[in-house]
Amino acid sequence: MMTLPDTQTRWRCRRGMLENDLLLRAFLEHGYDELDQEGRDAFERLLGYPDNLLLDLVLGRQQTVDADIARLVPLIRAAAAARAGD
Amino acid sequence: MTLTTRKFDALIVGAGGAGLRAALQLANADARVAVVSKVFPTRSHTVAAQGGVNAALANVLPDSWHWHMFDTVKGSDYLGDQDAIEYMCRAAPKVVYELEHFGVPFSRLEEGNIYQRAFGGQSQHFGKEQAARTCAAADRTGHAILHSLYQQNLRAHTHFFDEYFAIDLIKDDAGYVLGLVAFDILSGEPIAIEAKTTLIATGGAGQIFRTNTNALSNTGDGMAMALRAGVPLEDMEFVQFHPTGIAGRGMLITEGARGEGGFLINDQDERFMERYAPNAKDLASRDVVSRAIAIEVREGRGCGRNKDHVLLDLRHLGADTIMKKLPGIREVSMTFLGVDPIEEPIPVFPTCHYSMGGIPTNRDGQVVVPVKDTPEDPVPGLYAAGEAACVSVHGANRLGGNSLLDILVFGRAAANHILGFLKDNRHHRPLQQDSVDRALERLARWDRKGEGEAVEPLRRELRKVMEDHCGVFRTAEVMQEGVNRLHRLRERIDNAVIRDHSRTFNTARVEAMELENLMDCAMATIVSALGREESRGAHSRMDFTDRDDERWLRHSLYSLQDDAMDYKPVRTQPVTVESFPPKERVY
């Protein structure tokens, strides 16, 4: 899978729900840059999820069998927590 | 360079529920229809609507469209147009059954009928017993509707311009709207999309306020395009706020938290609601709680480093109650603030939720403007629906469950009128080049290099000015200061620059153009609010505390040119039934 350029990824973090906007934007600022290729590919797959499912996954209300995406979830939560004090 | 052009019968701007419902109606009637959306369609904000759709199906309790109409007129604080409200309430059962056929999995009663919830503001027998009118697909009604409509549109061969940003409408000297100029965010290339009819369905402009519940994409793009095309915006002063949004983030903390016994405190640990509402205290109505919070902050009793919020304290409820009864609130607070409400209070501030105002339309979705002595002359070829439009069914205040209904009923109604228009207007009118050129200039303006302020700080400042000067605490003095600040900000935005001038996926350029749209919507909102010297529905003035039907039972119209205000009468005459005259609104 081809990884999208950063600006394109950034735009696809624009979501239908404010919660997802904030979670994903925080991750772009704190964490995305450290991802390896596998992690970035997994992030692209996560962006393809419908908004409600994406939020459920990140908030831990649902689990995914995609192990690479599952590894991203705590990183996204940590990024949101890092922004929490802003 | 030759500009790429494409031609369609109908062009829809925005791929939320209103746009997709209209597109489907048109595509199913074999019209050539295209949808332009700056984000992938299923990432539209309709996806966030949890509540449901109101329709008098009478599946749970007795109901009638006429009672639904009464509730909507009363909820609107009598500013809603009663012909449009009658039309919407009569059409509601039909649009719900249509959704069912499109594949929306509504929650069911045991015998198989659609389940209906009771929401606030719903009554039987014109204001008597509680009604149960809201049809829902669990707590994901908007999501189910959006995905079903998108799939249906794919089946019907609607053409999608995904990730295209609409710049401006194309209009000819005779006043016809001929489509619009957009650009492909991926390549940066502009395109003229010619259409015999254009429907604006771009949603609301909640992002004009710092604290709001809206997705980041809700920047009022369609409203601002209409303004620039000479169309005024109607009733923009009416903005629905929820008292307890997470401060600085915007997400809602539902009334349930206060219902369970949570209370608000200021920086002196005082339960200040006891002063504002000695009986109801923290469970006073939304507008009372919102204003009380704003006053505490204005008078210097706010909390935090910037003293810009108050605190919602749940600690006394204990860990068991919070984990059992308010788990969602705890989860949101911990995720977005790092605050566990078992141990710490949650910072909150009133959050903007919904714009009642928008592009003025009649009940066929035609955009209407005042021309000489006619207050509502249709703009040929131009339509609007959903939160971007003001038809006006919500008047001064929207009832829960009526926003999804609005987008479905009037998306469909606009499409039906468009089909008639297409029969009478079979050919494209000649493209007016100077109108195209103006749109292209607007795009090229952001290629300017050199010194200038950056976009993001200006956006932050705009949103803060609106929160401080046009939020829930409104007086002439406070708002006039806000208008003055916005005027200065407008000049600074005119001179702003972006650093990235690349073509491919230049999101900086998109965000710059969104800022211009936010600016126009913000000015429309504050100037309209300053003009309306009364309190009605969601518009609450500290210096004009009463509703004034004699002077103000009329719609506001804000025009971009000179920031001028005009007014037009409310349509108090329904289509077939008797009018509901204004009464004191008591629940």
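Each protein sequence line maps, in turn, to chains A and B. Reading the first sequence from the start, the letters are residues 1144 to 1229 in my numbering. Reading the second sequence from the start, the letters are residues 3 to 589 in my numbering. Ideal placement from N, C-alpha and C gives every residue a C-beta, glycine not left out.
By the rule that beta-carbons nearer than 7 Å mark a contact, threonine 1150 of chain A touches chain B. Taking 7 Å as the CB threshold, threonine 213 of chain B stays off the interface with chain A. Interface annotation for the segment 320-352 of chain B against chain A: Glu333, Thr337, Phe338, Leu339, Gly340, criterion Cβ-Cβ distance under 7 Å. Under the criterion of beta carbons closer than 8 Å, leucine 229 of chain B and alanine 526 of chain B qualify as touching, at roughly 7 Å. Contact annotation: the segment 116-131 of chain B does not touch the segment 378-390 of chain B, with fewer than three C-beta pairs closer than 8 Å. Under the Cβ criterion of 7 Å, leucine 445 of chain B is not counted among the residues facing chain A.
Checking the DSSP bridge columns, you'll see glutamine 124 of chain B has no partner listed.
Runs of the alpha helix (DSSP H) spanning 4 or more residues and lying entirely within the segment 176-237 of chain B occur at 223-230, in chain order.
When the Cα atoms are used, leucine 410 of chain B and alanine 51 of chain B turn out to be separated by approximately 13 Å. Contact with chain B is found for arginine 1158 of chain A, since one of that chain's Cβ atoms lies less than 7 Å from the residue's Cβ. For the 7 Å CB-CB criterion, alanine 146 of chain B and valine 106 of chain B form a contact. Under a 10 Å Cβ-count criterion, proline 192 of chain B is classified as buried, with 16 or more other Cβ atoms of the shown protein chains found around its own Cβ. Annotation: arginine 431 of chain B is outside any alpha helix (DSSP H) and is labelled neither H nor E by DSSP. The continuous stretches of beta strand (DSSP E) do not include arginine 34 of chain B, and DSSP gives it neither H nor E. Collapsing the DSSP output to three states places histidine 145 of chain B in a helix. Using a Cβ-Cβ distance cut-off of 8 Å, the segment 62-74 of chain B and the segment 546-559 of chain B are not in contact, since fewer than three pairs of beta carbons, one from each stretch, lie closer than that value. Looking at the backbone, the Cα of isoleucine 172 of chain B and that of leucine 464 of chain B are separated by about 28 Å.
DSSP assignment within the segment 48-131 of chain B yields the following whole alpha helix (DSSP H) runs of 4 residues or more, N-terminal first: 67-77, 84-104.
With respect to the 7 Å criterion, alanine 391 of chain B and isoleucine 420 of chain B are not classified as neighbours on the basis of their beta carbons.
Using beta-carbon distances, arginine 1153 of chain A counts as an interface residue toward chain B, with a partner under 7 Å. Aspartate 568 of chain B is positioned such that its CB atom lies no closer than 7 Å to that of threonine 477 of chain B. Within the segment 298-343 of chain B, the alpha helix (DSSP H) runs of at least 4 residues that lie entirely inside it are, in chain order, 320-327, 329-339. When Cβ-Cβ separations below 7 Å define contact, threonine 143 of chain B makes no contact with chain A. Beta-bridge annotation (DSSP): glycine 247 of chain B is paired with B:Leu254, B:Phe351.
Here serine 437 of chain B is buried, its C-beta having at least 16 other C-beta atoms within 10 Å. Residue environment: lysine 130 of chain B is assigned as exposed (fewer than 16 neighbouring CB atoms within 10 Å of its CB, all protein chains considered). Residue nearest to proline 583 of chain B within the set B:Lys76, B:Asp65, B:Ala29, B:Ser46 is B:Lys76 (criterion: CA-CA distance). Residues of the segment 1164-1175 of chain A with a C-beta atom less than 7 Å from some C-beta of chain B are Asp1164, Leu1165, listed in chain order. Positions of the alpha helix (DSSP H) runs, each at least 4 residues long and wholly inside the segment 270-299 of chain B, are given as 275-278 in order along the chain. In this model, isoleucine 348 of chain B and valine 49 of chain B are separated by some 26 Å (Cα to Cα). One Cα belongs to aspartate 271 of chain B, the other to phenylalanine 265 of chain B, and the distance between them is close to 11 Å. Residue B:Val499 holds the alpha-carbon nearest to the alpha-carbon of proline 459 of chain B among B:Ala441, B:Leu424, B:Val499. A residue is called buried once 16 or more other Cβ atoms fall within 10 Å of its Cβ, and arginine 157 of chain B, having fewer, is exposed. The beta carbons of valine 241 of chain B and alanine 20 of chain B sit about 19 Å from each other, so the pair does not count as a contact at 8 Å.
In this structure, methionine 225 of chain B and alanine 207 of chain B form a Cβ contact; the two beta carbons are roughly 6 Å apart against a cut-off of 8 Å. Aspartate 289 of chain B is positioned such that its CB atom lies no closer than 7 Å to that of serine 125 of chain B.
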